[in-house]
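Note that the protein sequences, when read in sequence, are chains A and B.
So the first sequence is numbered by my numbering: it starts at 26 and just counts up by one.
So the second sequence is numbered by my numbering: it starts at 26 and just counts up by one.
For glycine and all other residues, C-beta sits at the position ideal for the given N, C-alpha and C.
Below is one structure, written out as structure tokens; comments come after it.
Protein chains: 2
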Amino acid sequence: MNRAQLIAHIRQRESFLCVGLDTDPNKLPAGMSMLDFNKAIIDATRDLCVAYKPNVAFYECHGPEGWRILEETVRYIGNEHFIIADAKRGDIGNTSDYYAKTFFSSMPCDSVTVAPYMGRDSVEPFLQYPDKWAIVLALTSNPGADDFELLTQDGKPLYQQVLTKVSQWGTPDNTMFVVGATRPTMFEDIRAIVPHHFLLVPGVGAQGGSLSEVCKYGMNEDIGLLINASRSILYASSGSDFAQAARLEAQRMQEEMKALIA
Amino acid sequence: MNRAQLIAHIRQRESFLCVGLDTDPNKLPAGMSMLDFNKAIIDATRDLCVAYKPNVAFYECHGPEGWRILEETVRYIGNEHFIIADAKRGDIGNTSDYYAKTFFSSMPCDSVTVAPYMGRDSVEPFLQYPDKWAIVLALTSNPGADDFELLTQDGKPLYQQVLTKVSQWGTPDNTMFVVGATRPTMFEDIRAIVPHHFLLVPGVGAQGGSLSEVCKYGMNEDIGLLINASRSILYASSGSDFAQAARLEAQRMQEEMKALIA
């Protein structure tokens, strides 16, 4: 999916919601399979969101069967939503080539989350596919972000060094950044460095970030945000009404987004 | 495998060689399966090395079938060698839990390579399993290492900040670091920070690093090094004699190691 198509979906659905598919068998209604759960969540939220983000760890821990469920989930989503393989990959060039192939050729994902630590040759293989995207970690929403991302490096925090360098390797048409919602005022500094890039924003919902604060400081001329919610939608109810409850929570967020776009 | 067992294998085999299983179907003898190739390489090198390192990217790009080959390869290696899942994982705490479960519970690996960018809660889940190890990226052997790892951060290069902080989260009994062979003199600075940790060293062989230089600056009282070679062993011959050729190359390295230990 290219940038123009993504923006068109956002405008049409009045939503920049990404539903995170962190599917945990221990949290599903009794007797329900991961794949059936995912399909029900997707059917209940299709018109309310523009992106789905399967968290690869939750699938690969089930071995070959988990990998099959991931592939079938991605295929079930189809091509009207932006698909993010949340895999945090990154390795030397010839290995990153294989990771890119995994998610872009073997599976029809639109994007992969990528860890920047190993530098340019670890990111560039993800930028070689037309209409596919690298979503590079910049400032994450977890407590450990303080350990390295916020350390000052040559006068700037590491995450700003990452934004500055990585934005030169690709373009706003093939690169996004992960920026957590838990430090919303930092979006001002971030937008000074990458005014046009889309940002994938976890941390609204279960982690406590504020949607309106993120939008106040982070929105750009094309919206420029994909706001992820995982647990707050997937597990809005633990009963047999989980899909309706997921829809209600997604709808609540979509209506808040619609008001913020207007 | 615990530290004492690893050291005993090194002393007994007079080797600290790790064979990297970066198995590429396009480089195998005609008609040979990935699994049969891996088994032949393992059988040809068992007595000459102490560790095997499957590069997970090369397996997961083949989907569920690739994942099955990875599992069968790990089981075939058995428990007389230290098994490294070279996966470069790392995510927020609850997701890293799943990655740790993947490689330590679902599969009998001894260790996983971990990217440090997201900080403490992304690494700690890998330190919760007895006799299992996190091998954290510090200074890698690829050109992109210059981009962030070598940037000066609060007066020290980022990779030294990583060594300093991460070594406080675990111990030399459950934490190793990746340090590439391509900058051997930097091992002096590294040993000043982590004198007792084992280091996993890629970059000898195809990438041009020198084994004797690495040992000169990097060896400690327990050897403290695992030297990886992948392509130079796996593809020493492209013909039907690939296993014998792999053994000869592994033997050449083991003999060099034996002389350096003495």
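Residue range of the unbroken alpha helix (DSSP H) whose run includes residue i
i, result
"Phe267/B", "267–286"
"Pro89/A", "88–102"
"Lys157/B", "It is not in any alpha helix (DSSP H) - Lys157/B carries neither H nor E in the DSSP assignment."
"Leu31/B", "28–38"
"Val44/A", "Note, Val44/A: premise wrong, no alpha helix (DSSP H); beta strand (DSSP E) at 42–46."
"Leu188/A", "183–194"
"Met211/B", "211–218"
"Asn245/A", "Element bounds for Asn245/A: n/a, residue is neither H nor E."
"Thr165/B", "Premise fails: Thr165/B is in no alpha helix (DSSP H) and is neither H nor E."
"Leu60/A", "59–70"
"Glu174/A", "Element bounds for Glu174/A: n/a, residue is neither H nor E."
"Asn119/A", "118–126"
"Phe151/A", "Here Phe151/A belongs to no alpha helix (DSSP H), and DSSP marks it neither H nor E."
"Ala82/B", "82–85"
Contact test: residue i Cβ vs the ligand PLP heavy atom, cutoff 7 Å
i, result
"Leu225/B", "The ligand PLP is absent from the structure shown, which contains no ligand whatsoever."
Exposed unless 16 or more other CB atoms sit within 10 angstroms - verdict on residue i
i, result
"Asn63/B", "buried"
"Tyr101/A", "exposed"
"Lys113/B", "buried"
"Gly144/B", "buried"
"Gly234/A", "buried"
"Glu280/A", "exposed"
"Asn80/A", "buried"
"Met57/A", "exposed"
"Asp179/A", "exposed"
"Ala125/A", "buried"
"Gly115/A", "buried"
"Gly103/A", "exposed"
First and last residue of the uninterrupted beta strand (DSSP E) at residue i
i, result
"Met201/A", "200–204"
"Val137/A", "136–139"
"Phe107/B", "107–114"
"Val226/A", "223–226"
"Ile252/B", "250–254"
"Lys78/A", "76–79"
Whole-Å CB distance - residue i paired with residue j, under 8 Å assumed
i, j, result
"Leu251/A", "Cys43/A", "5 Å"
"Thr200/A", "Ala159/A", "6 Å"
"Asn253/B", "Arg216/B", "Contact flag wrong, Cβ pair sits at about 19 Å."
"Leu152/B", "Val204/B", "About 19 Å separates the two Cβ atoms, so there is no contact after all."
"Pro89/A", "Arg272/B", "Contact doesn't hold; Cβ gap of about 31 Å is too wide."
"Gly264/B", "Pro133/B", "That belief does not hold up - the Cβ atoms of Gly264/B and Pro133/B are roughly 33 Å apart, past 8 Å."
Residue j beta carbon less than 8 Å from that of residue i
i, j, result
"Cys288/B", "Ser131/A", "What the structure shows of chain B is the stretch from 26 to 287, and residue 288/B is not part of that stretch, so it cannot be assessed."
"Ala110/B", "Val137/B", "yes"
"Leu176/B", "Gln185/A", "no"
"Ile32/A", "Tyr77/A", "no"
"Lys190/A", "Asp172/B", "yes"
"Ile218/A", "Leu183/A", "no"
"Arg36/B", "Leu73/B", "no"
"His34/B", "Val75/B", "yes"
"Ala82/A", "Tyr84/B", "no"
"Gly228/A", "Ala261/A", "no"
"Gly195/B", "Leu224/B", "no"
"Tyr242/A", "Phe202/A", "no"
"Gly118/B", "Pro155/B", "no"
"Glu97/B", "Leu60/B", "yes"
"Met282/B", "Phe41/B", "yes"
Residue from the options with nearest C-alpha to residue i
i, options, result
"Asn51/A", "Gln279/A, Arg256/A, Gln269/A", "Arg256/A"
"Pro141/B", "Met59/B, Leu162/B, Ala217/B, Ser263/B", "Leu162/B"
"Asp198/B", "Gly243/B, Asp179/B, Asp247/B", "Asp247/B"
"Lys157/B", "Gly118/B, Val226/B, His106/B, Ala275/B", "His106/B"
"Thr210/A", "Ser237/A, Leu285/A, Leu60/A", "Ser237/A"
"Asp266/A", "His34/A, Gln279/A, Leu73/A, Ala65/A", "Ala65/A"
"Ala268/A", "Thr70/A, Gln30/A, Phe41/A", "Thr70/A"
"Asp146/A", "Tyr154/B, Pro168/B, Pro133/B, Pro155/B", "Pro168/B"
"Met26/A", "Asp68/A, Asp116/A, Asp135/A, Ser166/A", "Asp135/A"
"Ile67/B", "Leu285/B, Ala275/B, Ala284/B", "Ala275/B"
"Gly45/B", "Val226/B, Ser192/B, Lys181/B, Gln193/B", "Val226/B"
"Ser192/A", "Arg28/A, Val148/A, Asp47/A, Ala29/A", "Val148/A"
"Ala29/A", "His222/A, Lys181/A, Glu174/A, Ser166/A", "His222/A"
Contact set between residue i and chain D, taken where Cβ atoms lie within less than 7 Å
i, result
"Asp172/B", "Given the protein chain composition of this structure (A and B), no chain D is represented."
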